[in-house]
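Participant: Going by numbering that gives the first Met the number 0, the sequence shown opens with residue 0, and the numbers climb by one from there.
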Amino acid sequence: MHVSGILESVEIARSKVKHTARTPVSISMLALMLTLTGPGRAEGIDQTIASTKVDHVVELFTSQGCSSCPQAETVLSKLSEEADVLALAYHVDYWDYIGWRDTYGSSQNTARQQAYGKRFNLSTLFTPQMVIDGQQQMVGAEYESVAEVLDDLGPIGSGGSASLSARIAGDNLKIRASMKEPVDNGSLPVLIVVTYDKSSKTQITQGENLGETLTETNPVRDWRILSAWSGEPMKISLPISTLTNGASGENGCAVFIQVMSRTGEPGPILSAARVDLDQ
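1. For N171, count the other beta carbons within 10 Å of its own beta carbon; 16 or more makes it buried, fewer makes it exposed. Which is it?
2. Report the three-state DSSP secondary structure of N108 (helix, strand or coil).
3. Going by beta carbon distance, what residues of the same chain come within less than 6 Å of A271, once the five residues before and after it are set aside?
4. Check this for me: beta carbons of V74 and V148, under 8 Å apart or not?
5. Go ahead and label S157 buried or exposed: buried means 16 or more other beta carbons lie within 10 angstroms of its beta carbon, across all protein chains shown.
6. For E211 and P238, what's the separation of their Cα atoms in angstroms?
7. So what's L269 in DSSP terms, helix, strand or just coil?
8. With a 10 Å radius around its C-beta and 16 neighbouring C-beta atoms as the bar for buried, classify Q202 as buried or exposed.
9. Does the pairing of the segment 105-123 with the segment 228-237 give three or more beta-carbon distances under 8 Å?
10. Exposed or buried, which one is L209 when buried takes at least 16 other CB atoms within 10 Å?
11. Output yes or no for whether 8 Å exceeds the beta carbon distance between P154 and L59.
12. List, from N- to C-terminal side, the beta strand (DSSP E) runs of 3 residues or more that fit wholly inside the segment 165-224.
13. Buried or exposed for S260, please, with buried defined as at least 16 other CB atoms from any protein chain shown within 10 angstroms of its CB.
14. What is the rounded straight-line gap between the Cα of A49 and the Cα of G266?
15. What three-state label does DSSP hand P23 in the structure shown?
16. Would you identify the three-state DSSP class for E251, choosing helix, strand or coil?
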């Protein structure tokens with residue numbers, strides 16, 4: 000699937016997201032609300048909250064309907080306590096048929112896992128699956144194994160090829176991104192923004208986890224590709240209301256630059272940052 004195809008599939012998938020507390024805006028509306036800002040433009044800042052740069056991005060593909068996933072969720076929770084790790088839980092929807100409809104599950108998240116499956120030449124999807132820095136995948140049910148992979152990979156962006164920062168300025172999320180040199184092999188850098196709840200508890204009344212109350216860390220509510228670009232310095236201003244839809248609570252936002260092949264396969268994450276969106 001080409002990058003343009005990804006944007007189309009994301010829009011289709013977004014319309015099917017079942018978690019209704021925050022309905023994401025469409026890509027077309029998002030495009031209207033994005034503002035490319037030039038040097039010297041007045042900010043009109045009421046408050047400023049800077050982002051925190053992270054050294055690793057751990058993406059867990061999980062499901063409330065999977066009895067093997069709570070152990071991996073515990074590992075993700077422990078990873079989230081480390082200041083240099085961005086830990087995200089993408090709930091997929093293909094276990095819903097068992098009887099429990101995942102309250103965070105979406106076909107959009109499943110599509111991201113499928114793209115990784117193609118990237119890693121996997122013949123089937125499975126949960127729990129962790130993808131680390133877009134470079135390595137594993138089951139992710141044991142903390143020590145994940146920590147070893149993190150140590151082996153080293154911090155993302157250590158080569159300094161990508162620069163990324165984000166901050167809350169008044170009612171807007173302002174992002175700056177740039178690349179020092181083009182990505183090799185005809186791939187494109189893409190700018191991705193992810194919104195998530197910091198914590199959630201869900202009582203399960205059907206399926207493999209019947210009777211359990213699951214504690215979820217950083218469950219993803221929405222992710223979207225903001226831009227695929229050649230890497231020149233770029234500034235984006237995005238109204239926070241398009242990320243939270245006016246909802247209150249403890250929630251966060253992550254922004255990262257990731258290599259994407261022209262056939263839609265996600266590759267290494269080059270730089271990442273997170274920022275609180277608590278209202």
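Built from N, CA and C at the ideal position, the CB exists for glycine as well.
Facilitator: A quick look at the data gives this:
1. buried
2. helix
3. The residues are V53, V56, L85 and F255.
4. At the C-beta level, V74 and V148 stay beyond 8 Å of one another.
5. exposed
6. 37 Å
7. strand
8. exposed
9. no
10. exposed
11. no
12. Segments of the beta strand (DSSP E) lying fully in the segment 165-224: 171-178, 187-196, 198-202 and 212-216.
13. When all chains shown are included, S260 counts as buried.
14. 27 Å
15. Here the model assigns P23 a pLDDT of 36, short of 50, so the residue's position is not dependable, and the following value carries that caveat. Coil at P23, not helix or strand.
16. Per the sequence presented here, residue 251 reads as Gly, with Glu not at that position. Note: G251 maps to strand in three-state DSSP.
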